[in-house]
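**Q** Line by line, the protein sequences are chains Y and U.
Read left to right, the first sequence gives residues 1 to 114 (this note's numbering).
Read left to right, the second sequence gives residues 115 to 227 (this note's numbering).
Before we start, here is the structure in question, set down as structure tokens.
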Amino acid sequence: DAKTTQPPSMDCAEGRAANLPCNHSTISGNEYVYWYRQIHSQGPQYIIHGLKNNETNEMASLIITEDRKSSTLILPHATLRDTAVYYCQGVIMNYGGSQGNLIFGKGTKLSVKP
Amino acid sequence: DAGVTQSPTHLIKTRGQQVTLRCSPISGHKSVSWYQQVLGQGPQFIFQYYEKEERGRGNFPDRFSARQFPNYSSELNVNALLLGDSALYLCASSLAGLGYGYTFGSGTRLTVV
Numbered sequence: 001d002a003k004t005t006q007p008p009s010m011d012c013a014e015g016r017a018a019n020l021p022c023n024h025s026t027i028s029g030n031e032y033v034y035w036y037r038q039i040h041s042q043g044p045q046y047i048i049h050g051l052k053n054n055e056t057n058e059m060a061s062l063i064i065t066e067d068r069k070s071s072t073l074i075l076p077h078a079t080l081r082d083t084a085v086y087y088c089q090g091v092i093m094n095y096g097g098s099q100g101n102l103i104f105g106k107g108t109k110l111s112v113k114p
Numbered sequence: 115d116a117g118v119t120q121s122p123t124h125l126i127k128t129r130g131q132q133v134t135l136r137c138s139p140i141s142g143h144k145s146v147s148w149y150q151q152v153l154g155q156g157p158q159f160i161f162q163y164y165e166k167e168e169r170g171r172g173n174f175p176d177r178f179s180a181r182q183f184p185n186y187s188s189e190l191n192v193n194a195l196l197l198g199d200s201a202l203y204l205c206a207s208s209l210a211g212l213g214y215g216y217t218f219g220s221g222t223r224l225t226v227v
């Protein structure tokens, strides 16, 4: 599994875009980039994932560089409820297509301020 | 639909005791994983089960064991509890198929005294 590096903390003003970077320079060709977040005292929540192409869903956008060595999670209009610890990781799919185990690092603590 | 349910939500045990934690995945999810989260750290992978077979094991001692039942629910057992086993234990389930993320339960808070 790829080792990932994220800034320990970031601040964002409410209503502005939050751009969370992740470095995964050792990611292998068959590893997907997954993002989760954990709001205080809750279980982690899946956000988005991608392999090569940029992805967008109702929660966020994921931008993966062409060399796949880094990615950025974008929350387009951050709200106070987006305050959480955000984790990125490289995940290999198991045989049969189920997601492999997650290796959580320290993540980025995002604080959205009014 | 019900999410991933874990029981109990909280419990207190004494050093040396044994504990069993339970997890019911989302209906139709065949993959269940267990994670331990110590205060202030990210979750650490313990076990993954898929179709009732162990598919992965993290760096935890043999005091930790798990199993998955025919209905895909799962139990995590920890023997000879140590103070350091105090943590939030998280269960996550996933729908088999390319690219699905895990859905986590709210966890069981275990305190060992």
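Backbone N, C-alpha and C define an ideal beta-carbon position, used for all residues, glycine too.
#1: For chain U, is any of its Cβ atoms less than 8 Å away from the one on L102 of chain Y?
#2: Do you know offhand how far Q192 of chain U's Cα is from G15 of chain Y's?
#3: Mapping the DSSP letters down to three states, classify G170 of chain U as helix, strand or coil.
#4: Just the Cα atoms here: how many angstroms apart are T72 of chain Y and K3 of chain Y?
#5: Look up G100 of chain Y in the DSSP assignment and say whether it is helix, strand or coil.
#6: T128 of chain U versus chain Y: which residues are under 8 Å apart at the beta carbon?
#7: If you reduce the DSSP assignment to three classes, tell me which class L135 of chain U lands in.
#8: Flag H40 of chain Y as yes if its beta-carbon sits less than 8 Å from any beta-carbon of chain U, otherwise no.
#9: Who are the neighbours of Q162 of chain U on chain Y, taking C-beta pairs under 7 Å?
#10: Using only the alpha-carbon positions, how far apart do M59 of chain Y and P44 of chain Y sit?
#11: So P44 of chain Y contacts chain U; which residues on that side make the cut at Cβ distance below 7 Å?
#12: Can you give me the start and stop residues for the beta strand (DSSP E) that R37 of chain Y sits inside?
#13: Under the rule that 16 or more other beta-carbon atoms within 10 Å means buried, what is Q131 of chain U, buried or exposed?
#14: For R129 of chain U, count neighbouring Cβ atoms within 10 angstroms of its own Cβ and tell me buried if that reaches 16, exposed if not.
#15: Would you grab the beta carbon distance between L204 of chain U and Y149 of chain U for me? Rounded to a whole angstrom, and I think it's under 8 Å.
#16: Roughly how many angstroms separate the alpha carbons of C22 of chain Y and S179 of chain U, rounded to a whole number?
#17: Give the residues of chain Y in contact with L195 of chain U, contact being defined as C-beta atoms less than 8 Å apart.
#18: If you measure from the beta carbon of H49 of chain Y to each beta carbon in chain U, is any gap under 8 Å?
#19: In the DSSP assignment, find the beta strand (DSSP E) that holds P21 of chain Y and state where it starts and stops.
#20: Report the partner residues of M10 of chain Y according to the DSSP bridge assignment.
#21: I need the boundaries of the beta strand (DSSP E) containing V227 of chain U, first residue and last residue.
#22: If we ignore side chains and look at the alpha-carbon of each, how far apart do Y87 of chain Y and F183 of chain U end up?
**A** In brief:
#1: Chain U contact via Cβ: present.
#2: A quick correction: the sequence has Val, not Gln, at residue 192 of chain U. Taking the CA atoms as reference points, V192 of chain U sits about 45 Å from G15 of chain Y.
#3: Here G170 of chain U sits in strand by DSSP.
#4: Their Cα atoms are separated by approximately 16 Å.
#5: Secondary structure at G100 of chain Y: coil, using DSSP grouped into helix, strand and coil.
#6: The contacting residues do not exist; T128 of chain U stays about 25 Å from chain Y at best.
#7: Reduced to three states, the DSSP call for L135 of chain U is strand.
#8: It does not; no Cβ of chain U falls within 8 Å.
#9: Going along chain Y in sequence order, the residues near Q162 of chain U (Cβ under 7 Å) are N101.
#10: One C-alpha to the other measures close to 14 Å.
#11: Residues of chain U passing the Cβ test: P157 and F218.
#12: From DSSP, the beta strand (DSSP E) with R37 of chain Y extends over E31 to Q38.
#13: Classification of Q131 of chain U: exposed, given that the 10 Å Cβ count is below 16.
#14: R129 of chain U is exposed by the Cβ-count criterion.
#15: Contact holds; Cβ gap of about 4 Å.
#16: CA-to-CA, the gap between C22 of chain Y and S179 of chain U works out to about 33 Å.
#17: Those within 8 Å of L195 of chain U in chain Y number zero; the least Cβ separation is about 22 Å.
#18: Closer than 8 Å: yes.
#19: Counting along the chain, the beta strand (DSSP E) containing P21 of chain Y begins and ends at A18 to N23.
#20: Bridge partners of M10 of chain Y: Y:L110.
#21: Secondary structure note for V227 of chain U: it is in no beta strand (DSSP E), with a DSSP letter that is neither H nor E.
#22: Distance between the alpha carbons of Y87 of chain Y and F183 of chain U is about 30 Å.
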